[in-house]
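Novice:
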Amino acid sequence: MEAVSEPLVLVEYPAEQVALVRLNRPQAKNALSNDVRKQLADVFLDLSNNAEVRAIVLTGGEEVFAAGADIKDMTTATTIAMYSRHTEYYWQAIANCPKPVIAAVNGYALGGGCELAMHADIIIAGESARFGQPEVKVGVMPGAGGTQRLIRAIGKFQAMRMILTGCMVKAPEALSMGLVSEMVSNDQTIPRAIEMAKEIAKMPPIAIAQIKEVVLAGMDLPLDAALMLERKAFQILFNSQDQKEGANAFVEKRAPNYKGE
0 MEAVSEPLVL
10 VEYPAEQVAL
20 VRLNRPQAKN
30 ALSNDVRKQL
40 ADVFLDLSNN
50 AEVRAIVLTG
60 GEEVFAAGAD
70 IKDMTTATTI
80 AMYSRHTEYY
90 WQAIANCPKP
100 VIAAVNGYAL
110 GGGCELAMHA
120 DIIIAGESAR
130 FGQPEVKVGV
140 MPGAGGTQRL
150 IRAIGKFQAM
160 RMILTGCMVK
170 APEALSMGLV
180 SEMVSNDQTI
190 PRAIEMAKEI
200 AKMPPIAIAQ
210 IKEVVLAGMD
220 LPLDAALMLE
230 RKAFQILFNS
240 QDQKEGANAF
250 VEKRAPNYKG
260 E
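Counting from 0, one number per residue, gives the positions in the sequence shown under numbering that gives the first Met the number 0.
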């Protein structure tokens, strides 16, 4: 365990119904130690259950997102030691978060850092952002979604290039290949992510949750099954008060007030 005087993960609330989660290990370029992953999982579990939070921004700060795992730890780690950590439970807390997650990435997002960014629903990249899965260079391979999420995001041929060579992809290329949603100047990365989170937070939360659930579940289903899932979620929403509020607000030409009911 790390001896630290302050949390490795910080939570702020920059706007109503928006949480900002910030990795706080700058001396190690936010390397994802076991302690960092555990604290990150605890934070996401809390935010998932917090009805006052409707959107989450995840960042490493202005200089670096996360420079991967702690390589020093790998020099002595054994198979059983790695297995016994069950880090997949920590990652699941982020992957299963029902709230929309926006990653704001400046600087390096390498290895586990790239995998962490891909756990988000939207990625805003600063011009300095660098993405990569360099695990092969230290004799291993991605182990937290770097093969499976990456190939689903950008396709086999680009993903294999990144995974097999360990190359870094700069923000403009990441944007062109579909790995990120938007690219902005470095000083606008976090503000833009917060702005988008505020926009999403104004939407009906039950509809937002259903959209996220259907999109993520449907990606791995046959098209007919995914379309059926979509139809059922669409139909369910007509029993929500927010749906009636949204329709009436549109007809009455006023701003809707969504309560998540």
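Even glycine gets a Cβ: it sits at the ideal position worked out from N, Cα and C. No experiment lies behind these values; they were computed from the predicted model shown.
Taking C-beta to C-beta, are residue 120 and residue 211 nearer than 9 Å?
Specialist: Result yes, Cβ atoms of residue 120 and residue 211 sit closer than 9 Å.
Novice: Going by CA-CA distance only, name the one from 244, 187, 27, 207 that's closest to residue 233.
Specialist: Among 244, 187, 27, 207, the Cα nearest to that of residue 233 belongs to 207.
Novice: So does the region 75-82 actually touch the region 100-108, counting three or more Cβ pairs closer than 8 Å?
Specialist: Verdict: no, contact absent.
Novice: If you check the beta carbons only, do residue 89 and residue 39 fall under 9 Å apart?
Specialist: In contact: residue 89 and residue 39 (Cβ atoms closer than 9 Å).
Novice: Measure from the alpha carbon of residue 109 to the alpha carbon of each residue in 205, 213, 145, then state which is nearest.
Specialist: Of the candidates 205, 213, 145, the one whose C-alpha sits nearest the C-alpha of residue 109 is 145.
Novice: May I ask which residues mark the beginning and end of the beta strand (DSSP E) holding residue 332?
Specialist: No answer is possible for residue 332: it lies beyond the span of the chain, which begins at 0 and ends at 260.
Novice: Is it the case that the region 17-32 contacts the region 43-53, given that we only count it when at least three CB pairs across the two stretches are under 8 Å?
Specialist: Touching, yes, given that three or more Cβ pairs across the two stretches are closer than 8 Å.
Novice: Put residue 176 into one of helix, strand or coil per three-state DSSP.
Specialist: Coil at residue 176, not helix or strand.
Novice: Do residue 43 and residue 113 have their C-beta atoms closer together than 9 Å?
Specialist: No, the Cβ-Cβ distance between residue 43 and residue 113 is not below 9 Å.
Novice: What are the boundary residues of the beta strand (DSSP E) that residue 11 is part of?
Specialist: 8-14 is the extent of the beta strand (DSSP E) around residue 11.
Novice: Thinking C-alpha only, which one of 47, 100, 216 is nearest residue 198?
Specialist: Answer by Cα proximity: 100.
Novice: With C-beta atoms as the reference, is residue 178 less than 9 Å away from residue 153?
Specialist: Contact flag set, yes.
Novice: If you follow the alpha helix (DSSP H) that residue 158 is in, where does it begin and where does it stop?
Specialist: Where residue 158 is concerned, the enclosing alpha helix (DSSP H) stretches over 155-164.
Novice: On the CB-based measure, 16 or more other CB atoms within 10 Å of its CB, does residue 221 come out buried or exposed?
Specialist: Answer is exposed; the Cβ neighbour count stays below 16.
Novice: Quick one: what's got a C-beta closer than 8 Å to residue 261's C-beta in the same chain, skipping five residues either side?
Specialist: Missing from the structure shown is residue 261; the chain here goes from 0 to 260 and no further.
Novice: According to the neighbour-count rule (16 or more other Cβ atoms, all chains shown, within 10 Å of its Cβ), is residue 128 buried or exposed?
Specialist: It counts as buried.
Novice: Flag this pair as yes or no: are the beta carbons of residue 31 and residue 67 separated by less than 9 Å?
Specialist: Yes, the pair counts as a contact, with Cβ atoms nearer than the cut-off.
Novice: Here's the rule: buried if 16 or more other CB atoms are within 10 angstroms of the residue's CB, otherwise exposed. What is residue 240?
Specialist: Answer is exposed; the Cβ neighbour count stays below 16.
Novice: Measuring only the C-alpha atoms, how far is residue 118 from residue 92?
Specialist: For residue 118 and residue 92, the distance between alpha carbons rounds to 10 Å.
Novice: To the nearest angstrom, report how far apart residue 245 and residue 254 are at their CA atoms.
Specialist: Looking at the two C-alpha atoms, the distance is approximately 8 Å.
Novice: Using C-beta distances below 7 Å, list every residue in its chain close to residue 36, excluding the 5 sequence neighbours before and after it, in chain order.
Specialist: The residues are 86, 89.
Novice: With DSSP as the reference, label residue 71 as helix, strand or coil.
Specialist: In this structure, residue 71 counts as helix in the three-state DSSP scheme.
Novice: From this set, 157, 61, 47, which residue's C-alpha is nearest residue 28's C-alpha?
Specialist: For the residues 157, 61, 47, the minimum Cα distance to residue 28 belongs to 61.
Novice: Extract the residue ranges of the alpha helix (DSSP H) inside the region 41-111, only unbroken runs of 4 or more that lie entirely within it.
Specialist: Qualifying alpha helix (DSSP H) stretches, in chain order: 70-73, 78-84, 86-94.
Novice: Assuming residue 149 and residue 132 form a contact by the criterion Cβ under 8 Å, report the distance between their Cβ atoms to the nearest whole angstrom.
Specialist: With a Cβ gap of about 7 Å, residue 149 and residue 132 count as contacting.
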